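> In UniProt numbering, the protein residues as written are 1 to 176.
A virtual CB, placed ideally from N, CA and C, is assigned to each residue, including glycine.
Fair warning: this is a prediction, and the values are worked out from it, not measured in the lab.
To start, I am sharing the structure in question, which I have written as structure tokens.
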């Protein structure tokens, strides 16, 4: 399930297998996402909060868009799951002694941008699912932007040019 999807729960009050509109009601819930941004090369925390006073039986962090597993926690042990995250991800609190289930992602790269999911299962069978949207900002330096505007009696002409980095050259021209 992705953030902002609606969840529909159908409950039949009589327990029979046929559902009619008068016998059912719908519950809609919206799943929110937490926005996180970091500059390329920085370490960042992907936040996740759990239930207070309940032991975590299983914790899993996944990158939703690419369907990659970051890590799993089971039986007091943290397991790295995907090669791209080896030695780059760890629990913020390794013993999960607080309700903080956050992870630290070291030296983020532009390809780390995307949706992450924190899922926890507790000893009492409660569950937590949270979505985090990571946006990694690329640092660009040494660029020069030039803007030229030319007016005459019939139209305006705008020219923008961007130079400086080999992979960041652009030219835009517009008349109106």
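Out of 73, 151, 65, 82, which one is the CA nearest neighbour of residue 55?
It is 73 whose Cα lies nearest to the Cα of residue 55.
> Given this structure, state the Cα-to-Cα distance separating residue 63 from residue 145, to the nearest angstrom.
One C-alpha to the other measures close to 36 Å.
> Which residues mark the beginning and the end of the beta strand (DSSP E) in which residue 38 is found?
It spans 33 to 39 - the beta strand (DSSP E) in which residue 38 sits, taken as one unbroken run.
> Which residue or residues does DSSP assign as beta-bridge partners of residue 90?
Note: residue 90 sits in a beta bridge opposite 104.
> Based on DSSP bridge pairs, tell me the residues matched to residue 73.
In the DSSP output, where bridge partners are listed per residue, residue 73 has 59, 78.
> Let's test the definition: count the other Cβ atoms within 10 Å of the Cβ of residue 130 and tell me whether it reaches 16, buried, or not, exposed.
Buried, since its Cβ has 16 or more Cβ neighbours within 10 Å.
> Just the Cα atoms here: how many angstroms apart are residue 43 and residue 156?
Between residue 43 and residue 156, the C-alpha separation is close to 46 Å.
> Suppose the cutoff is 6 Å on Cβ atoms and the five residues either side in sequence are ignored; what does the same chain contact list for residue 48 look like?
So the list reads 101, 102, 118, 130, once near-sequence residues are dropped.
> Count the other C-beta atoms from every protein chain shown that fall within 10 angstroms of the C-beta of residue 177, then say buried if there are 16 or more, exposed otherwise.
The structure shown does not extend to residue 177, since the chain is modelled only from 1 through 176, so no value can be given for it.
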